[in-house]
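Which chain is which? The protein sequence lines are A and B, in order. First residue of the first sequence? That's 1 in my numbering, and the numbers climb one at a time after it. First residue of the second sequence? That's 1001 in my numbering, and the numbers climb one at a time after it. Don't be surprised by glycine CBs; every beta carbon is placed ideally from N, CA and C. Everything below concerns the one structure shown next.
Number of protein chains: 2
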Amino acid sequence: MLFDQITIVGVGLIGGSVGLAAKARGAARRVVGVDRDPAVIAKAVAVGAIDAGAELTDAVAAAGLVVVCTPVDRIADVLLAAAQHAKPGTLFTDAGSTKRNVLAGVAKKLPDRFPYVPAHPLAGSEKAGPEHGRADLFEGRATVVLVEKFSADWDRTVAVGRFWEALGSRVVLMNADEHDKVLAVTSHLPHAVASAVAGSTPKEWLNLTAGGFRDVTRIAAGDPQLWAAIFEANRDATLAALDYFAARLSAFRTMLEAGDRAGLVQWLTEGKQVRDALGT
Amino acid sequence: MLFDQITIVGVGLIGGSVGLAAKARGAARRVVGVDRDPAVIAKAVAVGAIDAGAELTDAVAAAGLVVVCTPVDRIADVLLAAAQHAKPGTLFTDAGSTKRNVLAGVAKKLPDRFPYVPAHPLAGSEKAGPEHGRADLFEGRATVVLVEKFSADWDRTVAVGRFWEALGSRVVLMNADEHDKVLAVTSHLPHAVASAVAGSTPKEWLNLTAGGFRDVTRIAAGDPQLWAAIFEANRDATLAALDYFAARLSAFRTMLEAGDRAGLVQWLTEGKQVRDALGT
């Protein structure tokens, strides 16, 4: 048992899965949830993701670790509010998909030695709510643990890394700039592209789709509010990724127009090589 | 039993699956395979997708139905070669992903009453070869059966449609122009986009991908030769789909740059509505 009590702020699909995994894998004896929506707390209790709901003040004071799992544009505010009530020794981490915006949001407002170790478990779903949470959501996935000012303390970094590891993920250390640049390409770009493909398709043609369309567009079913916040929080890196992608697709278009079969095969082969390297 | 013997020309993943499904679902008593590669024939026999391999001449003469499952740029040539050996009453169909190029390739070269009913089962895989074939590949999928000059005969259309139905798919009647226009959006565009996402991603970042990237890029592992041929065979419709997609993604980029949160949410919601309509 790593922690006697953890508190999860924002008990949606990710927060709910943190609770389920923490209990299933013995990372916490007791899990308390905080959410603006009482209905979400009720659902999270019903599925066993949390033991009880509580107000932020009480929940933070009693926790050994606070895991902030709100949308990315709320994380900094939650950390600042929670900091008021933390007892000495309480650790903080989060599960946000973007990191520079959170760090910018808390910079100069949190005490220098505030024990916040930012993290990002690379796992999710197009579904929402704790009722779709899964105890195995993080199994085999990477969790980026950030090496930044607030987490420079070795003991804290190890403690928070061990927590994400206890949920089944493997830890990758990285700084916020690198994280946001990489995730723009590996997560935010694919989401925008999936949504653009879905949005380019007349609904009356959906009966003429096969598995390829289904896979490419699956994540387009994700929560628009959540994703708009992610894109805005990582705007510059996402814009750069979009430009790189657009240039690559434009090269394909030019070769197709010119009837350059060898060029098309080479272009498709480059994509295949990357995908094959990922495995099934 | 719909046919005493069918002959499959091109025994890859699709051809192999046709054989497996035809046998499993009682659509043919005997399945003969034709392939340029003897190793493929051996694999197809080994997995039970075909009963035996044969030369095109003999295999066509003995078949009640010939199903051409070669790459799209080979289908017309196979039909023209097979036509020499067909006995009266033998039906022809195919499984090609593009249709106008095939019809153009056989126009004026096949007899007016040649019994070819073009088809396209909307099913596939990024894998290749009969060893990855599946008897249930067509279950619940649409098969487009074409209403064109060669298939204008009602009895033939019904007979070929019943065959694809017997493999588990539901038949959708359509003409070649409409088919190619729709499939450019529902299949060819998603493939190009998936490949462009994969090809835009440095391999060393693959350990920082999650399920979204995996899904969006899955079909990028498909055979580059097969897909280059599909894109070229459906060039004009694919170019139009690419332009529409590029404009839609460009609108996203403009809103992201301008910080238009409401616009981003609306844009993402439009994609979500289409994807939600498709179901899980």
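Requested in this report: Helix, strand or coil for F1114 of chain B, going by three-state DSSP, please let me know.
Outcome: coil
Requested in this report: With hydrogens ignored, establish whether the beta-carbon of T209 of chain A is closer than 8 Å to any heavy atom of the ligand NAP.
Outcome: The model depicted lacks the ligand NAP and carries no ligand whatsoever.
**Report entry** Short-range partners of chain A found in the stretch 1265–1277 of chain B, where Cβ spacing is below 9 Å
**Finding:** V1265, Q1266, W1267, L1268, T1269, E1270, G1271, K1272, Q1273, V1274, R1275, D1276, A1277
Query raised in the report: Between the C-alpha atoms of A1049 of chain B and I8 of chain A, what's the straight-line distance to the nearest angstrom?
Result: 53 Å
Report task. Indicate whether V144 of chain A and V172 of chain A have their beta-carbon atoms separated by less than 9 Å. Result -> yes
Requested in this report: For V185 of chain A, return the contacting residues in chain B, with the cut-off set at a CB-CB distance below 7 Å.
Outcome: S1200, T1201, W1205
Query raised in the report: Of all the options B:V1045, B:F1163, B:G1064, which has the alpha carbon lying nearest to the alpha carbon of K1087 of chain B?
Result: B:G1064
**Report entry** Neighbour list for Q84 of chain A in chain B, Cβ cutoff strictly below 9 Å
**Finding:** Within chain B, no residue comes near Q84 of chain A; the closest Cβ sits about 28 Å away, beyond 9 Å.
Report task. Would you list the one or two residues that DSSP bridges to Q5 of chain A? Result -> A:R30
Query raised in the report: Hey, would you say G222 of chain A sits closer than 9 Å to G124 of chain A, going by beta carbons?
Result: yes
Report task. Can you grab the Cα-Cα spacing for the pair Q1084 of chain B / E1126 of chain B, in whole Å? Result -> 34 Å
Query raised in the report: Does the separation of the CB atoms of V193 of chain A and A1241 of chain B fall below 9 Å?
Result: no
Requested in this report: Could you work out which residue in B:R1029, B:K1181, B:V1072, B:D1073 is closest to A1052 of chain B when comparing CA atoms only?
Outcome: B:R1029
Query raised in the report: Near Q160 of chain A, what residues of its chain come up, given a Cβ to Cβ distance below 8 Å and the 5 sequence neighbours on each side ignored?
Result: Sequence inspection shows Val at residue 160 of chain A; the Gln mentioned does not correspond to that position. So the qualifying residues of the chain are L65, L91, T93, V117, A119, V145, S151.
Query - 8 Å contact criterion, which L1301 of chain B and E1148 of chain B should meet: CB distance rounded - result: There is no way to answer for residue 1301 of chain B, as the model of chain B reaches only from 1001 to 1280.
Requested in this report: Return helix, strand or coil for T1093 of chain B, following the three-state DSSP convention.
Outcome: strand
**Report entry** CB contact check: D215 of chain A to chain B, cutoff 9 Å
**Finding:** yes
Query raised in the report: Hey, does R29 of chain A have any beta-carbon neighbour from chain B nearer than 9 Å?
Result: no
Requested in this report: Starting from the Cα of P1115 of chain B, find the closest Cα among B:V1067, B:G1133, B:R1134 and give me that residue.
Outcome: B:V1067
Query raised in the report: Do you know how far the Cα of K1272 of chain B is from the Cα of L256 of chain A?
Result: 30 Å
**Report entry** CB contact below 9 Å: I219 of chain A versus chain B
**Finding:** yes
Query - Alpha-carbon spacing of T1201 of chain B relative to E270 of chain A, whole angstroms - result: 10 Å
Query raised in the report: Which full runs of the beta strand (DSSP E) of 3+ residues lie inside the stretch 164–196 of chain A, going along the chain?
Result: 170–174
Query - Residue-level contact to chain A via CB, L1146 of chain B, 9 Å cutoff - result: no
Report task. Could you tell me the distance, in whole angstroms, from the CA atom of G129 of chain A to the CA atom of N234 of chain A? Result -> 24 Å
**Report entry** CB of L1206 of chain B within 9 Å of CB of T98 of chain A, strictly
**Finding:** no
Query raised in the report: Buried or exposed: where does S17 of chain A fall if 16 or more other Cβ atoms within 10 Å of its Cβ makes it buried?
Result: buried
Query raised in the report: If the cut is a Cβ gap below 7 Å, which residues of chain A does P1190 of chain B touch?
Result: V197, G212, F213, V216
Query - Neighbour-count burial assignment, T254 of chain A, 16 or more Cβ in a 10 Å radius - result: exposed
**Report entry** Amino acids of chain B, ordered along the chain, whose beta-carbon sits closer than 7 Å to that of P224 of chain A
**Finding:** V1265, L1268, T1269, K1272
Query raised in the report: Quick one, which of A:I230, A:L122, A:R248, A:D260 has its alpha-carbon nearest L1264 of chain B's?
Result: A:I230
Query - Neighbourhood of L1002 of chain B by C-beta, 7 Å cutoff - its chain only, sequence neighbours within 5 removed - result: A1027, A1028, R1162, F1163, A1166
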